[in-house]
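Input: a single structure, listed below in structure tokens.
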Amino acid sequence: MNSRYLPLAATTAIFVIAYALCYAQFPAMLSTRVIGNLLTDNAFLGIAAVGMTFVILSGGIDLSIGSVIAFTTVFIAVVLANSSMHPLTVFALALVITTLFGATMGAIIHYLEMPPFIVTLAGMFLARGMAFVLSTDSIPIAHEFYGVLQSLYWRMPGGGRLTLIGGLMLLVFIAGMVLAHRTRFGANVYALGGGIATARLMGVSVGNTTIAIYALSGLLAGLSGIVFSLYTTAGYSLAAVGVELDAIAAVVIGGTLLTGGSGFVAGTLLGILIMGLIQTYIIFDGTLSSWWTKIVIGVLLFVFIFLQKGILWATARKAAVPENAHGR
Amino acid sequence: MNAETFGSVRRFLPQIVALVAILAINTAMFPGFLDITVQNDRLYGSLIDILNRGAPVALLAIGMTLVIATKGIDLSVGAVMAICGAVAASEVASGGSVAAAVSAALVVGVACGAWNGMLVAVLGIQPIVATLILMVAGRGIAQLITEGVILTFNNEGLAFFGSGSIFALPVPVLLWIGMGLLVAFVVRRTALGLLIEAIGVNRRAATLSGVNSRVLLITVYMVSGLCAAIAGIIAAADIRGADANNAGLWLELDAILAVVLGGTSLLGGRFTLLGSLIGAMIIQSINTGILSSGFPPEFNLIIKAVIILLILVIQSPALRTFLVFWRAPKEEVFDKEQSAP
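In order, the protein sequences belong to chains A and B. Per the working numbering, the very first residue in the first sequence carries number 41; after that it's consecutive. Per the working numbering, the very first residue in the second sequence carries number 181; after that it's consecutive.
Next comes the structure, spelled out in structure tokens:
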């Protein structure tokens, strides 16, 4: 097997084993109801994590997504409360704003040659600040269109509901996989992650690709904000604090290298499902406290990073062997 | 000596100008801002308040400066603060002495730093990822220690670290200034600072030329953990309780910001502790100024973001190359490069 697939295989194995263990203890875990809820509850995180996957594949990082999600929910709630605009128009407006926001960060990173970490950190402050300026209160959304959207679901066999937002997350993941593995843009993202100088020599338009990557991350964070507002029917400027870390954790657990250049969008989906599974298990168990989620995710992060290091080391050694043999 | 003093003043000129400008704006908007009074043998006033409230960020910035000088970053300091605050609070809450509580917290902080350092130096994991692990898991661990509640205590001895005063100065102020002087003395009066910078420039080259980069890196992360532990004790002592969820929340970002504002490049290789401490005071002056002037605190983050962006744009290599190209005489260019913070 190609060693590039090893982290993904390990993630899949861990997910299957963890689910099997959960199933052994609580057979109800395999019901479509639980699976439906798993998808619905993690929809906003999953959508944002797809954007994060692209950013990390290119060797960057985006710390602003949690704030952008919060800003989007507040923006939607404030506009809906103060105007007669249709939610769909407001959604489109929000997506345009968040995409431009991401694109601006990408442009600053590229043209001013600044580290993505600090640029998106400023973006994080800025987006959260904008949300605070719009409103510091939690604003309920009472538009009837929200009720329509929430009542849309597909009843799976066994009584589980695949809600609109859960289905949307799966669609975004499929679109992300196509974009990453079947398009020119995807190839450019991987090339950037392999090294900017190399990518430039390969003829990749580094500037345009960088801007497009952060714009995509902004767009998906905005979409995630829309989903979050559907999920909670409210806009709140303190919502989604720390989501960027959950998304980074999901990407890493999904087997993507944080140095960029190697990984899969599908891995991120598994990362999200593993994190959701931990939470579901804690709810089923009833005696475990919620802080175990954080600790277990931390341990999983460590295990995966360690595993990746091992694989990289083994591949480097394997690559070195024929060279030596040749020299002799 | 005179030239040296002049050189160091000129080096921090942008930071000092920024700090003075912010304080001047505060004074203009809020008369009496500079007043300092003595009550119950302790100094009071907005300036003292800035020094006092800025203590956690200043402490974190000391450790963060060294870490960033090695081309690293420590995202876990906020979580380590929460853990150490929880350790200290649980120790006194269960009847332990203040000395035991403080030393336990310090040991745990150093241990957290050692863990980060091991991941970076021995396993070769990127610092941002290595410290992310403890950043995510750390709050969970802190909640485990406090059992999910805000662990309060009534120990005057421990509370002294947050609200006590010595020679009319609040204890947190003395702690961060003392720690800053100690670390600055150790790294600048020995070759340690130079070796740390050598790792930041090129770890491989430093190792090849005989620097024990592994031990040095672990030590640097341990210092960062120690600073976070002191900040955690102050935060817990200040509210007489350990709040695992909110103690030190987002302070790692403020600390990184203070370091960057102080003129240390995130790319490593050179550092200035004094600059970072001025940076921490700039951040606290903005916070205090916005609060005391009656300006809506909602704008706090936006103002912060704009200031970061401005300073970063000025620092950015691209802009510097552009300016160097723009300026004519070659000697002057060389001079600018030398004196750049």
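For every residue, glycine included, the Cβ atom is placed at its ideal position computed from N, Cα and C. These numbers were taken from a predicted model, which means no experiment stands behind them.
Counted within 10 angstroms of its Cβ, other Cβ atoms place residue i as buried (16 or more) or exposed
i, result
"valine 136 of chain A", "exposed"
"aspartate 515 of chain B", "At aspartate 515 of chain B, the pLDDT of 45 sits below 50, so the modelled position is not reliable and the matter cannot be decided from this model."
"phenylalanine 84 of chain A", "buried"
"phenylalanine 344 of chain A", "buried"
"glutamine 65 of chain A", "exposed"
"aspartate 325 of chain A", "exposed"
"isoleucine 105 of chain A", "buried"
"alanine 182 of chain A", "exposed"
"phenylalanine 342 of chain A", "buried"
"isoleucine 323 of chain A", "exposed"
"glutamate 511 of chain B", "The pLDDT assigned to glutamate 511 of chain B is 45, lower than 50, so where the model puts this residue is not dependable, and the model offers no usable value."
"proline 352 of chain B", "buried"
"serine 226 of chain B", "buried"
"valine 395 of chain B", "exposed"
Opening and closing residue of the alpha helix (DSSP H) in which residue i lies
i, result
"tyrosine 151 of chain A", "127–151"
"tyrosine 321 of chain A", "305–325"
"arginine 233 of chain B", "226–233"
"tyrosine 254 of chain A", "246–272"
"leucine 193 of chain B", "193–209"
"leucine 534 of chain B", "Past the edges of chain B, shown from 181 to 521, lies residue 534 of chain B, and the structure says nothing about it."
"valine 281 of chain A", "No alpha helix (DSSP H) holds valine 281 of chain A; DSSP gives it neither H nor E."
"alanine 167 of chain A", "156–174"
"glycine 301 of chain A", "Premise fails: glycine 301 of chain A is in no alpha helix (DSSP H) and is neither H nor E."
"leucine 70 of chain A", "Note, leucine 70 of chain A: premise wrong, no alpha helix (DSSP H); not H, not E."
"asparagine 382 of chain B", "Careful: asparagine 382 of chain B lies outside any alpha helix (DSSP H) and carries neither H nor E."
"serine 343 of chain B", "336–343"
"asparagine 467 of chain B", "453–472"
Where residue i falls: helix, strand or coil (DSSP)
i, result
"asparagine 364 of chain A", "Low per-residue confidence applies at asparagine 364 of chain A: pLDDT is 46, beneath 50, and the placement is therefore not dependable, though the value from the model is reported in the following sentence. Asparagine 364 of chain A falls in the helix class under three-state DSSP."
"glutamine 219 of chain B", "strand"
"leucine 349 of chain B", "strand"
"glycine 421 of chain B", "strand"
"glycine 200 of chain A", "coil"
"glycine 275 of chain A", "strand"
"proline 180 of chain A", "strand"
"alanine 80 of chain A", "Just to set this straight, residue 80 of chain A is threonine in the shown sequence, not alanine. Note: threonine 80 of chain A maps to helix in three-state DSSP."
"threonine 539 of chain B", "Residue 539 of chain B lies beyond the residue range present for chain B, which begins at 181 and ends at 521; the question has no answer from this structure."
"methionine 261 of chain B", "helix"
"asparagine 122 of chain A", "helix"
"serine 274 of chain B", "coil"
"glutamine 306 of chain B", "coil"
"tryptophan 353 of chain A", "helix"
"aspartate 254 of chain B", "coil"
"asparagine 480 of chain B", "helix"
"aspartate 102 of chain A", "coil"
"methionine 242 of chain A", "coil"
"glycine 360 of chain B", "helix"
"alanine 427 of chain B", "coil"
"threonine 223 of chain A", "coil"
"leucine 490 of chain B", "helix"
"asparagine 228 of chain A", "helix"
"threonine 296 of chain A", "coil"
"glycine 207 of chain A", "helix"
"valine 114 of chain A", "helix"
"leucine 214 of chain B", "coil"
"methionine 315 of chain B", "helix"
Boundaries of the beta strand (DSSP E) in which residue i is found, first to last residue
i, result
"glycine 45 of chain A", "Sequence check: residue 45 of chain A is tyrosine here, not glycine. Segment: none, tyrosine 45 of chain A is in no beta strand (DSSP E) and carries neither H nor E."
"threonine 93 of chain A", "No beta strand (DSSP E) contains threonine 93 of chain A, which is instead part of the alpha helix (DSSP H) from 83–97."
"tryptophan 295 of chain B", "From DSSP, tryptophan 295 of chain B is part of no beta strand (DSSP E) but of the alpha helix (DSSP H) over 278–301."
"arginine 369 of chain B", "It is not in any beta strand (DSSP E) - arginine 369 of chain B carries neither H nor E in the DSSP assignment."
"leucine 195 of chain A", "At residue 195 of chain A the sequence reads arginine, which differs from the leucine that was named. Element bounds for arginine 195 of chain A: 193–195."
Paired residues, beta bridge with residue i - DSSP
i, result
"leucine 331 of chain B", "B:Ala422"
"tryptophan 331 of chain A", "Its beta-bridge partners do not exist; DSSP assigns none."
Proximity test, residue i beta-carbon vs the ligand MN heavy atom, cut-off 7 Å
i, result
"serine 98 of chain A", "Absence of the ligand MN from the depicted structure is noted, as is the absence of any ligand whatsoever, leaving it without description."
| Just checking, does the segment 315–331 of chain B make contact with the segment 434–449 of chain B on the three C-beta pairs under 8 Å criterion? | no
| message | Measuring CB atoms only, is the segment 89–97 of chain A touching the segment 292–306 of chain A, in the sense that at least three cross pairs come out at less than 8 Å? | response | yes
| Counting pairs of beta carbons, one from the segment 145–155 of chain A and one from the segment 242–252 of chain A, are three or more of them closer than 8 Å? | yes
| query | Using 8 Å as the threshold, is the segment 336–351 of chain B in touch with the segment 429–437 of chain B, meaning 3 or more CB pairs across them? | reply | no
| query | Quick check: the segment 283–294 of chain B against the segment 219–239 of chain B, are there 3 or more CB pairs under 8 Å? | reply | no
| request: Examine the Cβ distances between the segment 204–220 of chain B and the segment 413–425 of chain B and report whether three or more of them are shorter than 8 Å. | output: no
| said: Would you call the segment 166–186 of chain A in contact with the segment 230–240 of chain A, where contact means no fewer than 3 C-beta pairs closer than 8 Å? | reply: no
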